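Novice: Here the sequence shown is numbered in the working numbering, starting from 32 and rising by one per residue.
Glycine included, C-beta positions come from ideal geometry on N, C-alpha and C.
As the structure is a prediction and not an experimental result, all values here were calculated from the model.
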Amino acid sequence: MVRPTYAEIDLGSIAHNVTALKELVDPSQLCTVVKADAYGHGDVPVANAALDAGADLVAVALVEEGARLREAGVDAPILLLSEPGPEAAFDVAEWDLTPTVYTVPFVEALAATGKRHHVHLKVDTGMHRVGASPDRVEALFSALRAQPGLSLAAFWTHFSVADEDPVYTKGQIDLFDQIVSAYDPPVTHLANTAGAVLFPEARRDMCRIGLGTYGLHPCPETAGLIDLRPAMRLVTHVTHVQRLPAGERPSYGRVRALEVDSHVVTAPVGYADGFTRALTRTGSALIGGRRYPLAGMVTMDQIVIDVGADEHGVGDEIVLIGAQGDEEITADEWAEQSGTISYEVVSSIGPRIPRRYT
Ligand SMILES: Cc1ncc(COP(=O)(O)O)c(C=O)c1O
32 MVRPTYAEID LGSIAHNVTA LKELVDPSQL CTVVKADAYG HGDVPVANAA LDAGADLVAV
92 ALVEEGARLR EAGVDAPILL LSEPGPEAAF DVAEWDLTPT VYTVPFVEAL AATGKRHHVH
152 LKVDTGMHRV GASPDRVEAL FSALRAQPGL SLAAFWTHFS VADEDPVYTK GQIDLFDQIV
212 SAYDPPVTHL ANTAGAVLFP EARRDMCRIG LGTYGLHPCP ETAGLIDLRP AMRLVTHVTH
272 VQRLPAGERP SYGRVRALEV DSHVVTAPVG YADGFTRALT RTGSALIGGR RYPLAGMVTM
332 DQIVIDVGAD EHGVGDEIVL IGAQGDEEIT ADEWAEQSGT ISYEVVSSIG PRIPRRYT
């Protein structure tokens with residue numbers, strides 16, 4: 032490795048989280064969501080660690096993501112969370128992915144592959160992103176029944192505000208139950224992390240858990256209810272040290288003046304790696320167990336850090352997410368400081384950052 036910047040992924044923490052989630056949802060099956068490169072943690076290592084720790088299956092957003100897992104030797108069931116276009120039905124069959132369906136053309140395209148598919152029918156109960164609207168479920172069900180190669184393995188839905196609105200979420204659960212009562216499917220699944228932790232009645236036959244796997248909480252309310260360990264630590268190292276007089280304004284835009292004569296250190300990580308520019312005025316870094324503010328604008332490949340009177344040398348470790356000494360920077364802290372959610376923070380740590388597994 033030439034650039035001393037990497038993400039440490041603790042597979043022991045993934046295993047711990049999967050075990051804790053499995054215990055929580057027992058006897059429901061646990062489906063670990065590993066889309067988007069396992070929320071930036073690395074899809075193949077996370078899928079294997081989760082399955083070894085007791086996950087029953089994994090889920091992805093894209094056919095390409097499922098194919099990657101299969102190519103790497105993952106042989107557990109892989110649930111596709113959305114329909115691809117009908118032209119991808121043969122890929123779904125070739126990679127032995129478990130399809131989600133919500134349109135008749137995709138059902139017909141699956142049937143045309145001539146392969147047997149155990150499909151999961153997705154109902155839209157209020158998320159309004161994808162899924163069959165309640166008034167289309169009967170037509171979809173009939174289209175499915177008409178295809179001897181297709182069997183209905185599950186009905187499912189997805190929550191839009193399980194982390195923030197119990198009334199709306201309970202409405203989704205009730206609507207789902209009302210729709211499903213006419214069909215008696217062998218399996219139902221509704222819950223994401225917040226749904227599984229906060230709504231025991233939503234656990235059903237299976238839960239689809241993403242965020243909790245990575246040791247992150249969807250909202251403060253879940254924090255007291257399950258012990259999760261963050262699995263990602265983002266680490267870089269000092270590559271350059273300067274002593275600058277008070278009044279100097281490091282980096283693009285000259286956005287911040289040093290209040291006193293200071294040491295400013297440079298680190299090789301930037302917004303092209305997921306260290307968003309939105310952290311320029313709020314972000315911090317840990318060096319030698321101490322927390323320091325950025326000294327100026329985040330650039331594409333580098334950041335500058337104001338270490339004040341302290342002295343740090345080239346090669347010193349800098350932690351951007353995770354613990355160092357008694358200090359810790361969490362993905363939630365980044366999210367708050369940059370106006371987003373921890374999901375986006377970790378899944379935005381880009382492909383230029385190697386993952387190191389411990
Ligand atoms: C359909 C579906 N199910 C489950 C999940 C997992 O959600 P979470 O990461 O909140 O557990 C996601 C993630 O966005 C999803 O899109």
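In chain order, what residues of the same chain have a beta carbon less than 8 Å from the beta carbon of Y19, not counting five sequence neighbours either side?
Specialist: No statement about residue 19 is possible, as the shown extent of the chain runs from 32 to 389 and does not include it.
Novice: According to DSSP, simplified to helix, strand and coil, what is F186?
Specialist: Correct three-state label for F186: strand.
Novice: Is T224 a contact residue of ligand 1, with contact defined as CB to any heavy atom under 8 Å?
Specialist: At least one heavy atom of ligand 1 is nearer than 8 Å to the Cβ of T224, so yes.
Novice: Which class does T224 belong to by DSSP, given the choice of helix, strand or coil?
Specialist: Residue state, collapsed to three classes: helix.
Novice: Contact between the stretch 271-286 and the stretch 66-78 is defined here as three or more beta-carbon pairs at a separation below 8 Å; is this criterion met?
Specialist: Flag = no, the stretch 271-286 and the stretch 66-78 do not touch.
Novice: Note down, in chain order, each residue of its chain lying with its Cβ closer than 6 Å to the Cβ of D155, except the 5 sequence neighbours on either side.
Specialist: Closer than 6 Å at Cβ, skipping near neighbours: G162 and S164.
Novice: Just tell me which of S379, A119 and C62 has its CA closest to the CA of L110.
Specialist: Out of S379, A119 and C62, C62 has the C-alpha closest to the C-alpha of L110.
Novice: How do the stretch 163-180 and the stretch 215-234 stand: do at least 3 beta-carbon pairs fall below 8 Å, yes or no?
Specialist: Contact fails: fewer than three Cβ-Cβ distances are below 8 Å.
Novice: DSSP on H30, reduced to helix/strand/coil?
Specialist: Here the chain has residues from 32 to 389 only, and residue 30 is not among them.
Novice: Where do the ends of the alpha helix (DSSP H) carrying Q203 lie?
Specialist: That run of the alpha helix (DSSP H) goes P197 to V211.
Novice: Of all the options L351, P58, G356 and P276, which has the alpha carbon lying nearest to the alpha carbon of A366?
Specialist: Comparing Cα-Cα distances from A366 to each of L351, P58, G356 and P276, the minimum goes to L351.
Novice: If I measure Cβ to Cβ from I380 and keep anything under 6 Å in the same chain, skipping five residues before and after, which residues do I get?
Specialist: Result list for I380: A38, G71 and G305, in chain order.
Novice: To test your reading of the DSSP string, which unbroken beta strand (DSSP E) runs of 3 or more residues are found completely within the stretch 44-78?
Specialist: Listed in chain order, the complete beta strand (DSSP E) runs (minimum 3 residues) inside the stretch 44-78 are 60-64.
Novice: Hey, would you say the C-beta of V377 is under 8 Å away from at least one heavy atom of ligand 1?
Specialist: Answer for V377: no, Cβ out of range of ligand 1.
Novice: Is A222 near R235, with beta carbons less than 9 Å apart?
Specialist: Closer than 9 Å, so yes.
Novice: For L242, tell me which candidate among T188, V376, A140 and H343 has the shortest Cα-Cα distance.
Specialist: Checking every option, the nearest Cα to that of L242 belongs to V376.
Novice: Mind listing, in chain order, the continuous beta strand (DSSP E) runs of no fewer than 3 residues lying wholly within the stretch 294-327?
Specialist: Fully enclosed beta strand (DSSP E) runs of 3 or longer: 315-318 and 321-324.
Novice: Measuring alpha carbon to alpha carbon, tell me which residue in P276, V64, G85 and A277 is nearest K53.
Specialist: Selected option, being the one with the closest Cα: G85.
Novice: Could you tell me whether the stretch 305-315 touches the stretch 342-349, using the rule of 3 or more Cβ pairs below 8 Å?
Specialist: Segments in contact, no.
Novice: I'd like to confirm something about G180: is its beta-carbon nearer than 8 Å to some heavy atom of ligand 1, or not?
Specialist: Outside the cutoff, so no.
Novice: Whole angstroms are fine: how far does the CA of L247 sit from the CA of A254?
Specialist: Whole-angstrom Cα-Cα distance: 9 Å.
Novice: Just verifying my parser: in three-state terms, what is the DSSP assignment at A143?
Specialist: Note: A143 maps to helix in three-state DSSP.
Novice: Does any heavy atom of ligand 1 sit closer than 8 Å to the C-beta of R260?
Specialist: Not under cutoff, so the answer is no.
Novice: Near Y388, which residues of its chain fall below 6 Å by C-beta distance, leaving aside the five closest residues on each side in sequence?
Specialist: Answer for Y388: I40, L42 and P76, listed in chain order.
Novice: In or out: G301 buried (at least 16 other Cβ within 10 Å) or exposed?
Specialist: By the neighbour-count rule (16 or more Cβ atoms within 10 Å), G301 is buried.
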